[in-house]
Amino acid sequence: MDFVNFNVKGLFTFLLEDIVRPYQKVVFNHRIREIQFDNNNPHLRNGYNIKGRQEKLNDGRLNPLHYLTKCETKAHTSYLSKLATKIIKLTKKKPISRLEDMYDYIYIDEVQDLIGWDFEIIKYISKSKLINLMCVGDFRQTIYDSAITTKSPLSSDEKIKFFEESKFTKIVLNKCHRSIQEICDIADTVHLKQNYQKTISAVKNIDIDEDFKNHLGVYIVRLSMVKDYVIKYQPVVLRLNKNIGINDNIENLIKITYGKSKGLGFDRVLIFPTKPYEEFFKGNVDVFEKNKTEESKNKLYVTLTRGRYSVGILMPDEMVNECNIKIWEGE
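Quick note, the sequence shown lines up with residues 1 to 331 if you use full-length UniProt numbering.
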């Protein structure tokens with residue numbers, strides 16, 4: 001592979017620079033200079049639709065305020081893939097022909113975090129006979145809220161089905177190079193009903209530093225013993241938000257929220273579980289079934305798989321004996 005001509009772009013930059021902007025005049029006159037990152041639906045205020053933000057104007061043209069900010073020079077990230085799809089259709093796939101002139105291979109990483117209209121872009125590119133498209137992702141790690149769109153695919157199962165129906169060649173990589181086998185086994189139970197292949201750890205005992213061998217695996221830690229645990233092992237604390245655990249002797253530890261821990265790895269972690277997570281560790285494997293999205297369940301998987309050698313799970317003393325995970329006894 002020619003790494004000299006290997007261009008790395010974020011998804012939004014790719015959509016704007018390679019698809020939308022070169023052909024934007026078929027829909028909008030003002031040059032779209034940049035993107036506007038949306039944390040929430042830009043067309044809602046206090047839960048109500050903002051007037052004038054509908055998709056089309058009365059004359060049938062695309063409404064700039066649906067896709068762009070008021071200055072009409074910034075594209076909303078929430079609707080960028082949708083805009084790109086519209087432009088591809090209106091130009092009879094000219095952006096795809098342009099991509100064929102530019103790229104032999106396109107790789108899309110973290111594909112599990114794409115939703116809705118993003119998959120229309122994948123569909124168009126995948127139908128090209130000149131571009132080799134590879135999508136990489138772990139669908140157990142989808143942690144971003146999909147509430148802005150109702151367009152499928154949204155769930156992990158829907159996304160996997162999309163790739164199957166689109167005739168993608170499936171290659172399963174089930175080897176973990178971060179965590180030891182016991183951590184992998186516990187993490188696998190989060191999605192037990194979704195038939196993922198068993199995760200195999202590539203970490204061998206001989207590879208583990210002697211300083212860590214005295215405490216390996218997944219442990220339930222009593223709340224009454226948390227001070228002893230953190231003094232002895234100095235784990236990184238993983239929690240829902242910064243208000244969790246402020247009175248639990250963790251002021252000198254590194255603290256990271258579940259979502260921001262994605263992609264990171266630590267020798268030892270201590271999880272401060274939410275109420276649903278406590279129920280899960282007590283054996284209620286169906287605790288997430290009624291959730292509208294998989295975000296909470298997938299954050300648990302992400303959190304469990306951050307630790308290399310040990311994962312501590314902090315539980316109230318009265319719940320400890322209800323858990324099916326070994327208990328730390330202060331060894």
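Even for Gly, the Cβ is constructed at its ideal location relative to N, Cα and C.
Between the beta-carbon of residue i and the beta-carbon of residue j, is there less than 8 Å?
i, j, result
"ILE96", "VAL218", "no"
"PHE288", "PRO276", "yes"
"GLU100", "LEU65", "no"
"PHE280", "LEU300", "yes"
"ILE220", "TRP328", "yes"
"ILE148", "SER201", "no"
"GLU158", "SER166", "no"
"THR142", "SER156", "yes"
"VAL237", "LYS255", "yes"
"VAL302", "LEU192", "no"
"ASP211", "GLY330", "no"
"THR257", "ASN247", "no"
"GLY116", "LEU154", "yes"
"CYS323", "LYS282", "yes"
Excluding the 5 residues preceding and the 5 following residue i in the sequence, name in chain order all residues of the same chain whose CB lies nearer than 7 Å to its CB.
i, result
"ARG31", "THR73"
"LEU133", "ILE106, ILE125, SER126"
"ILE244", "PHE272"
"THR274", "LEU240"
I need the straight-line Cα distance from residue i to residue j, nearest angstrom please.
i, j, result
"LYS262", "GLY307", "11 Å"
"ASN214", "ILE271", "19 Å"
"PRO235", "ASN249", "12 Å"
"ILE269", "TYR309", "This sequence places Val at residue 269; Ile is not what is there. Their backbone Cα atoms lie some 9 Å apart in a straight line."
"GLN24", "LEU11", "18 Å"
"LYS82", "ILE35", "14 Å"
"THR199", "CYS176", "7 Å"
"GLU120", "ASN195", "26 Å"
"LYS290", "ARG33", "42 Å"
"GLU164", "PHE14", "25 Å"
"ASN41", "VAL4", "39 Å"
"LYS92", "ILE313", "54 Å"
"residue 343", "CYS184", "Here the chain has residues from 1 to 331 only, and residue 343 is not among them."
"MET102", "ASN29", "25 Å"
"SER296", "VAL190", "11 Å"
"LEU114", "VAL172", "19 Å"
"TYR233", "GLN112", "33 Å"
"THR69", "ALA75", "6 Å"
"ILE122", "PHE6", "19 Å"
Suppose the cutoff is 6 Å on Cβ atoms and the five residues either side in sequence are ignored; what does the same chain contact list for residue i look like?
i, result
"VAL27", "LEU62"
"ASP109", "VAL136"
"LYS260", "none"
"ARG222", "ASP317, VAL320"
By a C-beta neighbour count over all protein chains shown, 10 Å radius and 16 as the cutoff for buried, is residue i buried or exposed?
i, result
"ARG140", "buried"
"LYS161", "exposed"
"MET315", "buried"
"SER179", "buried"
"TYR67", "buried"
"ILE231", "exposed"
"GLU294", "buried"
"ASN39", "exposed"
"LEU264", "exposed"
"ARG239", "buried"
"ASP104", "exposed"
"ASP209", "exposed"
So, for residue i: in the same chain, excluding its five sequence neighbours on each side, which residues have a beta-carbon less than 8 Å away from its beta-carbon?
i, result
"GLU17", "LYS9"
Item to check | Three or more C-beta pairs below 8 Å linking the region 83-93 and the region 37-53 | outcome: no
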